[in-house]
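In terms of full-length UniProt numbering, the sequence shown opens at residue 1 and continues consecutively. We treat Cβ as the ideally placed atom computed from N, Cα and C, and that holds for glycine. Heads up: the structure comes next, in structure tokens.
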Amino acid sequence: MNLMHQIITKARNRRQRIVLSEGTEERTLRAADRAIADKIADIILLGNIAEIKALTIKYGLRNVLQAVIVDPIKNERKNAYAVLLMELRKNRGMTIVEAQKLVENPLYLGCLMIKNGDADGEIAGAQNTTSDVLRPALQIIKTTPGINVVSGAFLMLSQNEEYGANGVLIFADCAVVPNPNAKELAEIAVSTAITAKTLIGIEPIVALLSFSTKGSASHELVDKINEAVCIAKSISPELIIDGELQADAALVPFIGQSKAPGSLVAGKANVLVFPNLECGNIAYKLVQRLGNIQAIGPILQGIAAPVNDLSRGCSVEDIYTMIAICANQAIMK
Numbered sequence: 001m002n003l004m005h006q007i008i009t010k011a012r013n014r015r016q017r018i019v020l021s022e023g024t025e026e027r028t029l030r031a032a033d034r035a036i037a038d039k040i041a042d043i044i045l046l047g048n049i050a051e052i053k054a055l056t057i058k059y060g061l062r063n064v065l066q067a068v069i070v071d072p073i074k075n076e077r078k079n080a081y082a083v084l085l086m087e088l089r090k091n092r093g094m095t096i097v098e099a100q101k102l103v104e105n106p107l108y109l110g111c112l113m114i115k116n117g118d119a120d121g122e123i124a125g126a127q128n129t130t131s132d133v134l135r136p137a138l139q140i141i142k143t144t145p146g147i148n149v150v151s152g153a154f155l156m157l158s159q160n161e162e163y164g165a166n167g168v169l170i171f172a173d174c175a176v177v178p179n180p181n182a183k184e185l186a187e188i189a190v191s192t193a194i195t196a197k198t199l200i201g202i203e204p205i206v207a208l209l210s211f212s213t214k215g216s217a218s219h220e221l222v223d224k225i226n227e228a229v230c231i232a233k234s235i236s237p238e239l240i241i242d243g244e245l246q247a248d249a250a251l252v253p254f255i256g257q258s259k260a261p262g263s264l265v266a267g268k269a270n271v272l273v274f275p276n277l278e279c280g281n282i283a284y285k286l287v288q289r290l291g292n293i294q295a296i297g298p299i300l301q302g303i304a305a306p307v308n309d310l311s312r313g314c315s316v317e318d319i320y321t322m323i324a325i326c327a328n329q330a331i332m333k
């Protein structure tokens with residue numbers, strides 16, 4: 001049974017309530033239709049009910065109307081959600097009038113439904129930017145206790161089982177934080193290790209990557225990596241983590257033994273943490289295209305409940321896959 005089959009099976013066995021905030025978007029509706037047919041989640045669509053019904057006919061979808069459809073404008077719980085939002089943001093001076101307007105925004109409504117216990121996870125981003133998706137999540141759901149930074153991980157699935165956990169690697173951060181400081185980098189490492197353990201069931205072996213391996217170069221960028229390793233160990237003392245490591249030293253056993261003898265990580269890493277977003281984003285796309293490796297994500301991590309951001313260029317398959325992953329995140333929460 002491959003990894004995605006395992007993730008889908010777990011989602012099917014413990015169905016979660018997943019909000020699709022862009023409920024009138026074609027790819028989202030097609031993914032919802034398939035997810036409902038495959039019983040991998042209980043789908044909640046946000047959008048105008050009449051419009052969604054018309055679109056199901058237009059696209060020839062048979063299962064979408066089994067979803068719960070919530071109209072953000074005419075939602076019968078609109079006032080209750082507005083009061084909840086006002087309470088959450090009153091220290092920022094939010095008024096009930098402002099809250100009533102914001103709850104008409106599907107991205108805010110989806111997060112409020114999670115906060116109120118009416119949903120287990122949310123997916124958006126086919127039509128909205130990452131910042132638009134993250135803003136309400138951070139204002140309403142907030143970050144995981146002990147973690148102050150949200151990051152994006154990619155599952156990298158290869159037919160070559162030589163590297164990582166039988167061909168499975170996790171790359172981070174490839175989606176959110178442009179230039180993390182040492183503390184943020186440490187929190188990204190810890191969050192990604194949690195994703196590895198809870199989502200795909202592997203024991204995380206975490207490498208913080210650099211252009212240097214164990215002092216082969218001296219630079220302030222290398223110092224940041226070493227500081228991040230120390231902070232990560234203080235946050236999660238049981239975590240198997242090491243750095244600074246070059247990518248080949250992290251992945252290739254004989255190179256790891258040569259460059260970093262005695263390291264518990266060198267040559268064995270299955271979680272790769274990049275020094276900044278530029279490196280992470282370039283790396284996953286190069287590996288995906290040149291190495292013919294499947295890249296699944298970004299999987300947002302560090303939020304207290306699952307909220308996931310899609311690429312605006314995503315496919316129906318991408319959204320379907322993310323529904324299953326979001327459901328698994330909710331199960332583990």
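Rounded straight-line distance, which links the Cα of residue j to that of residue i
i           : j      : result
Phe171      : Ala266 : 16 Å
Ala330      : Pro145 : 16 Å
Ser131      : Asp71  : 23 Å
Asn13       : Tyr108 : 29 Å
Asn160      : Leu3   : 14 Å
Lys233      : Lys53  : 52 Å
Gly60       : Ile241 : 50 Å
Pro237      : Glu51  : 52 Å
Val168      : Lys197 : 12 Å
Asn91       : Lys101 : 18 Å
Gly23       : Leu199 : 26 Å
Leu264      : Thr195 : 20 Å
residue 339 : Asn48  : An answer regarding residue 339 cannot be provided, because it is not within the stretch 1 to 333 covered by the chain.
Pro178      : Thr129 : 15 Å
Leu46       : Leu277 : 31 Å
Asn166      : Ile202 : 10 Å
Met229      : Leu239 : It is worth fixing the name first, because residue 229 is Val in this sequence and not Met. One C-alpha to the other measures close to 10 Å.
His5        : Glu317 : 14 Å
Tyr163      : Gly215 : 24 Å
Ala324      : Asn63  : 17 Å
Beta-carbon spacing of residue i, residue j below 8 Å
i      : j      : result
Ile44  : Arg17  : yes
Pro106 : Ser21  : yes
Val103 : Lys78  : yes
Leu209 : Ala247 : yes
Arg154 : Gly243 : Note that residue 154 is Phe in the sequence shown, not Arg. No, they are not a contact pair.
Ala137 : Ile303 : yes
Val19  : Met113 : yes
Arg312 : Gly152 : no
Ala305 : Lys333 : yes
Ile235 : Pro275 : no
Cys174 : Gly280 : yes
Val176 : Val150 : yes
Asp38  : Arg15  : no
Ile40  : Ile8   : yes
Cβ shell of residue i (< 6 Å), same chain only, five flanking positions each side left out
i      : result
Asn308 : Ile123, Leu300, Met322 and Cys326
Arg34  : Tyr320
Lys259 : Thr213 and Ala249
Lys183 : Ile231
Ala99  : Ala82, Leu85 and Met86
Pro253 : Gly267
Proximal residues to residue i (C-beta, below 7 Å), its chain only, five neighbours per side dropped
i      : result
Ile293 : Met156, Leu157, Ser158 and Val287
Ile73  : Glu104
Cys314 : Arg27 and Ala126
Glu76  : none
Leu55  : Thr24 and Leu29
Residues sharing a beta bridge with residue i, DSSP
i           : result
Phe154      : Phe171
Gly121      : Ile18
Asp42       : Arg17
Gln294      : Leu157
residue 348 : Lying before the first or after the last residue shown, residue 348 is absent from the chain, which here runs from 1 to 333.
Thr143      : Ile303
Ile241      : Val206
Short CB-CB distance (under 8 Å) between residue i and chain B
i      : result
Val150 : No chain B appears in the structure shown, which is made up of a single protein chain.
Any 3 or more C-beta pairs closer than 8 Å across the segment 268-280 and the segment 205-224: yes
Stretch pair the segment 186-200 + the segment 211-224: three plus CB contacts closer than 8 Å: no
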